[in-house]
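S.K.:
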Amino acid sequence: MFLDKMDKFIDNLTPMDLMRSEKMTFVQLIIPAESAHRAISYLGELGLLQFRDLNADKSPFQRTFVNQVKRCAEMSRKLRFFKDQINKAGLMSSSHTVLQPDIDLEDLEIQLADHEHELIEMNSNSDKLRQSYNELLEFKIVLQKACGFLVSSHGRAIPDERELQENVYSNDGFVETASLLEQEIRPGPSNPSGLRFISGIICKSKLIRFERMLFRATRGNMLFNQAPADEQIMDPVSAEMIEKTVFVVFFSGEQARTKILKICEAFGANCYPVPEDISKQRQITREVSSRLTDLEATLDAGLRHRNKALASLGEHLSDWMNMVRREKAVYDTLNMLNFDVTKKCLVGEGWCPIFAKTQIQEALQRATFDSSSQVGIICHPMDAVESPPTYFRTNSFTSPYQEIVDAYGNVRQDAILL
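Reading the sequence shown from the start, the letters are residues 1 to 418 in UniProt numbering.
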């Protein structure tokens, strides 16, 4: 008796009350193929129809519009790539809408492919130029630092005691013979059978391990000199500034040279040839400085061109992302519909509030007119076995509170909220 009175009380309530959800109806849509895309787009803008998936037994790759969904996903990837590049460049994408002519999905796809190819090519050229600039900068630093080591080694400016203390290692219980430096560092020009050296530059964090490995590989028959680089060098991959150290290794013998070069390669050390003649060193330094100036100007010009292209993309990025997102949602919804036996119409089923039937009919009529279809879209109610979804009509004031309630779960249809 009480339940009957409660049902009558609920039925006599106003069509929409803040204390209960909307009454829903189950409808079937028969949409001609030529107006299907526009109809789904208009219904999506309306947001009052929830489609039921009629192809739940099919995988995403077996559905009708799978190719269109893949194309939208690929365009979304390109747009995310553009956004990442804009953020890395420190540029801000434009928040205001830029007036531009209407563009369809095919034209947008071609434009995005061209922009991506252009941006990838600019990045590749910039990386190559940056790598060449870093190599020349390292070469210049090595030339400046290694000159002091070479002058000291030939002029005997460093005392023997200091050389042994700083550059020769000894272990307990192990007696070394005189190092090759003590035997071969006499004044005189170097020759293939005498004292040689390898100069280069390495990351400061690897220096201690690098020196220890050289000592073990040559059994102490080498002299290792080092000096910190005066400026940091940018890593082209991570774009971080790295501290590096210049080194010069003196040794004797072809076998020791092979070992040292392999160790340098293993530790990522860059080796550069340094002539022993001071006049040649100065000439090479001037040439390297000149090339560095030219490369720096080229890098600045390329950076300005790249930033200009990214700024142009940023003006339309938001609109393009919204367009691609909307198109992907349309095709995802079309994949929930079934083709009829003639392959000329799509059949869909879904739930909508009773009050929204008029708005849905108007949107479908507008889609038929805009697509110039000779056949109208049919929308008629049907009986459903399952329970309808819950829908609450909200406004700008009640919407945040409804989202808080939905975070804890959705109530069943016609339930009274307390």
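Virtual Cβ for every residue (Gly too), placed ideally from N, Cα, C. Please read these numbers as outputs of a predicted model, since none were measured by experiment.
Could you check the C-alpha separation between ALA56 and ARG63 for me, to the nearest Å?
M.R.: Spanning the two alpha carbons is a distance of roughly 10 Å.
S.K.: Count Cβ pairs between the stretch 253–264 and the stretch 208–217 that sit closer than 8 Å; are there 3 or more?
M.R.: As far as the Cβ criterion goes, the stretch 253–264 touches the stretch 208–217, which means the pair count is three or higher.
S.K.: Can you give me the start and stop residues for the beta strand (DSSP E) that GLN28 sits inside?
M.R.: Segment 24–32, the beta strand (DSSP E) holding GLN28.
S.K.: Taking its Cβ as the centre, do 16 or more other Cβ atoms sit within 10 Å of ASN87, making it buried, or is it exposed?
M.R.: ASN87 comes out exposed.
S.K.: Out of ALA363, LEU295, ARG80, which one is the CA nearest neighbour of GLY47?
M.R.: With distances taken between Cα atoms, GLY47 lies closest to ALA363.
S.K.: May I ask you to report which of helix, strand or coil DSSP gives VAL341?
M.R.: Coil, per DSSP.
S.K.: In the DSSP output, what is SER124 paired with across the bridge?
M.R.: According to DSSP, SER124 bridges with nothing at all.
S.K.: Between which two residues does the alpha helix (DSSP H) harbouring THR390 extend?
M.R.: It is not in any alpha helix (DSSP H) - THR390 carries neither H nor E in the DSSP assignment.
S.K.: Since SER252 sits in a beta bridge, which residues does DSSP pair it with?
M.R.: Bridge partners of SER252: LEU195.
S.K.: Which word fits PRO353, buried or exposed, when buried means at least 16 other C-beta atoms lie within 10 angstroms of its C-beta?
M.R.: PRO353 comes out buried.
S.K.: If you scan the stretch 50–122 from start to end, which runs of the alpha helix (DSSP H) of 4 or more residues do you find wholly inside it?
M.R.: If we require 4 residues or more, the alpha helix (DSSP H) runs fully inside the stretch 50–122 come out as 66–88.
S.K.: Could you tell me whether the stretch 269–284 touches the stretch 103–113, using the rule of 3 or more Cβ pairs below 8 Å?
M.R.: Result no; under three Cβ-Cβ pairs closer than 8 Å.
S.K.: Looking at ILE233 and LEU143, is the spacing between their C-beta atoms short of 9 Å?
M.R.: No.
S.K.: Taking the alpha carbon of ALA146 as the point to measure from, which residue in VAL248, ARG130, GLU240 has its own alpha carbon closest?
M.R.: That would be VAL248, whose Cα lies nearest to the Cα of ALA146.
S.K.: Kindly identify the DSSP beta-bridge partner or partners of ALA301.
M.R.: ALA301 is not bridged to any residue.
S.K.: Spell out the partners DSSP gives THR245 in its beta bridges.
M.R.: DSSP output for THR245 lists ILE202, PRO228 as bridge partner(s).
S.K.: Using only alpha-carbon positions, find the residue among SER126, MET75, ALA89, ILE103 that is nearest to HIS115.
M.R.: The shortest C-alpha separation from HIS115 is found at MET75.
S.K.: How long is the line joining the alpha carbons of ASN307 and LEU91, rounded to whole angstroms?
M.R.: Each residue's Cα considered, the two are about 8 Å apart.
S.K.: Going by beta-carbon coordinates alone, are GLN28 and GLU240 separated by less than 9 Å?
M.R.: Contact flag unset, no.
S.K.: Using C-beta distances below 7 Å, list every residue in its chain close to PRO389, excluding the 5 sequence neighbours before and after it, in chain order.
M.R.: Result list for PRO389: MET24, GLN50, TRP351, in chain order.
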